[in-house]
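Chains as they are written, first to last, in this note's numbering: chain R, 1 to 471; chain Y, 1001 to 1204. The beta carbon of each residue, even a glycine, is placed where N, CA and C say it ideally should be. Values in this document were obtained by computation on a predicted structure and should not be read as measured data. Okay, structure first, notes after.
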Ligand code: SF4
């Protein structure tokens, strides 16, 4: 009987079965950032422990960093303090820090792949739930809490349960103006925000085969929004082409051996899955969330679902969502006025995301609607450098978007970028939770970068295919 | 301090609603800290404010539940961000919550609970409803959770709860504090690492 990639990678990293029946799993790559690591270092020091494999932990700063100017000290004292703490901890424990002042910093899930740190067949963890992003390379990558960050620092291992594996097969060609973001929002809409609890998601089928690495990262990024702690795509030639030559990727004669090894980790044809679901790519249109969880979404040409479309169990949260968002059941999603347009985050802040919006905007003399604050935040300094070299910043600013310094920014608004009051934002990020974008009453609609750009230009939710004539 | 968690007793606080995410448990602005101190006061801050504006009271602000050490929730509690600040805020709230009973939990939250020594046993919707109503009717009622017997009782009624063998064992034995146990396998850790192709340079 064949095995899935999940099983093969899990078994390879299992140090032993613990007396509790759970497993002790070795972590190939540990990423840390300023929000979830300071307490872990304190706990480590309280216990007089050291970092066992400092060369396997890499740090950056992303959540709190201002995107207007990265000059030190930061205006916000608490942010400055967190930064100082991270600098101190990484220095003391010999951890490589991708620093803003060296223009190396970026969102942790953007720089891992960018540097070639993220590789097929690895176990990857970070005190951040969107660590699932790295699964795009055929790695087992998942988010952990701070006490577990302490454990990884001290032992490079974690206590883990074995997950079940659900194969999510999507086949067919995506229509014009339909993106990876729509695919994952569609999957979450169908399977629910709790559907993936207890599962690893294996994304398979020719729709994913045809995707670029950036697109696969967008999909895997949001696995956690569907309840799945990790999600992965099998490594293939697309993966290897992306990785080859990157700073931390295997070099010279190791490269061929690595590729052979990675190929051997692909799920076997006769692997047995705990569940299989199938979707047809042709059924997917641009998706927009309308509620307060990422599964509360609708196709752009459709309307906000009515209460009778939900089970008794879901009704409570659906009613809560109508109320919080001030939407009525049956209302069209198109035409919803927006205040803010945000393009960025670890879901859609990579160079290809910016490139696509530039392609749509360029040469059409389109302008951001008056009254809308629109901004583009690159996922890393590297993304920013590439964007500048290609002149993207100019296309954005000419159209009325602000082009900012890299960071998480308004994805969770721990830095100065925030919604005010009841403002409504069209956002390429991954969470539309109540208050997520910095105002306790703020409202977020998640969608693809093209859809955010369309909303910015129209000042309301619009079908990007029509706005940009994508046929 | 005794680290075993066998029978836990105390007053309970019901928190109704599915999919309560960690952004709601502790909003991101309170994550600007290098310790977990003081987070308890800000647990559910925005939900509290929201309800207050509507003239209602959030359970975490309701004086009837101020003494609670047992939290009862519905489905998919703790979804979203992995921030440990969320369970840390809950254990630092009031007298300190030391066990959470719920219909289901998000995985990262569940795992962090285990690492902090906070069991998160599962109960059915029916039991959740019964427990919540019982403590709403009588907030002073003592809830007893017996992990050994996999049972929870209140007001003379006993119901079943479920908890996987692994976490249960770690609570009964007091071995949930993982660092020491993980570290005891130091040699095996190094041996596993040395076998990994990307560690040993694809030596085969
Ligand atoms: S961009 Fe958003 S989701 Fe991604 S790591 Fe930053 S805060 Fe988290």
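Between which two residues does the alpha helix (DSSP H) carrying residue 396 of chain R extend? 392-399
Does the pairing of the stretch 292-308 of chain R with the stretch 362-381 of chain R give three or more beta-carbon distances under 8 Å? no
Indicate whether residue 377 of chain R and residue 400 of chain R have their beta-carbon atoms separated by less than 8 Å. no
Starting from residue 171 of chain R, trace the beta strand (DSSP E) both ways and give me its first and last residue. Note, residue 171 of chain R: beta strand (DSSP E), 164-171.
Give the interface partners of residue 412 of chain R over in chain Y, defined as CB-CB distance under 8 Å, in chain order. Those are 1023, 1028 and 1081, listed as they occur along chain Y.
Taking contact to mean 3 or more Cβ pairs, one atom from each stretch, closer than 8 Å, check whether the stretch 154-171 of chain R and the stretch 277-284 of chain R are in contact. yes
If you measure beta-carbon to beta-carbon, which residues of the stretch 1105-1132 of chain Y are closer than 7 Å to chain R? 1106, 1107, 1108, 1111, 1112, 1115 and 1116
Candidates R/89, R/318 and R/117: closest to residue 329 of chain R by CA position: The shortest C-alpha to C-alpha distance from residue 329 of chain R to any of R/89, R/318 and R/117 is the one to R/318.
By how many angstroms is the C-alpha of residue 159 of chain R removed from the C-alpha of residue 95 of chain R? 23 Å
Hey, quick one: how far does the beta strand (DSSP E) through residue 202 of chain R stretch, first residue to last? 199-204
Can you find a heavy atom of ligand 1 that lies under 7 Å from the Cβ of residue 445 of chain R? no
Run through chain R and tell me which residues come within less than 8 Å of residue 1197 of chain Y, C-beta to C-beta. 121, 257, 258 and 261
Below 8 Å on the Cβ atoms is my guess for residue 1079 of chain Y versus residue 1106 of chain Y; work out the distance and round it to an integer in Å. 4 Å
Short-range partners of chain Y found in the stretch 58-89 of chain R, where Cβ spacing is below 8 Å: 63, 64, 76, 78, 79, 81, 82 and 85
Closer than 8 Å between beta carbons: that is the criterion. Which residues of the stretch 427-440 of chain R meet it against chain Y? Here the close residues are 431, 433, 434, 435, 436, 438 and 440.
Which chain R residues are close to residue 1189 of chain Y, counting only those with a beta carbon under 7 Å from its beta carbon? 15, 26, 155, 156 and 157
Kindly list the residues whose CB is nearer than 8 Å to the CB of residue 1162 of chain Y, restricted to its own chain and excluding five residues on each side of it in sequence; keep chain order. 1121, 1122, 1123 and 1150
Please state the DSSP three-state secondary structure of residue 1014 of chain Y. strand
Element boundaries [alpha helix (DSSP H), containing residue 214 of chain R]: 213-221
By a C-beta neighbour count over all protein chains shown, 10 Å radius and 16 as the cutoff for buried, is residue 1195 of chain Y buried or exposed? exposed
Residue 18 of chain R CB to nearest chain Y CB: under 8 Å? The Cβ of residue 18 of chain R sits closer than 8 Å to at least one Cβ of chain Y.
Using a Cβ-Cβ cut-off of 8 Å, state whether residue 1167 of chain Y counts as contacting chain R. yes
In angstroms with no decimal places, state the Cα-to-Cα distance between residue 125 of chain R and residue 142 of chain R. 5 Å
Quick check: the Cα distance between residue 335 of chain R and residue 100 of chain R, rounded to an integer number of angstroms? So the alpha carbons of these two residues sit roughly 40 Å apart.
How about the stretch 282-296 of chain R and the stretch 319-328 of chain R: do they share at least three Cβ pairs that are nearer than 8 Å? Cβ pair count under 8 Å is three or more, so yes.
Short check: CB of residue 310 of chain R to CB of residue 342 of chain R, under 8 Å? no
Enumerate, from N- to C-terminal direction, the unbroken alpha helix (DSSP H) stretches of 4 or more residues contained entirely within the stretch 7-88 of chain R. 38-46
heavy atom of ligand 1 below 7 Å from residue 117 of chain R C-beta: no
Less than 7 Å between the CB of residue 408 of chain R and some heavy atom of ligand 1, yes or no? For residue 408 of chain R, the CB falls within less than 7 Å of some heavy atom of ligand 1.
Buried or exposed by the 16-neighbour rule on C-beta atoms within 10 Å, applied to residue 1186 of chain Y: Exposed, by the Cβ-count rule.
If we ignore side chains and look at the alpha-carbon of each, how far apart do residue 338 of chain R and residue 1089 of chain Y end up? 34 Å
Quick one: is the Cβ of residue 128 of chain R within less than 7 Å of any heavy atom of ligand 1? yes
Which of helix, strand or coil DSSP assigns to residue 296 of chain R: coil
Would you give the residue range spanned by the alpha helix (DSSP H) that residue 224 of chain R belongs to? Segment: none, residue 224 of chain R is in no alpha helix (DSSP H) and carries neither H nor E.
For my contact list, residue 222 of chain R and residue 430 of chain R are in at a C-beta cut-off of 8 Å; report their separation, rounded to the angstrom. 5 Å
Which one of R/114, R/204, R/261 and R/146 has the shortest CA to CA distance from residue 1199 of chain Y? R/261
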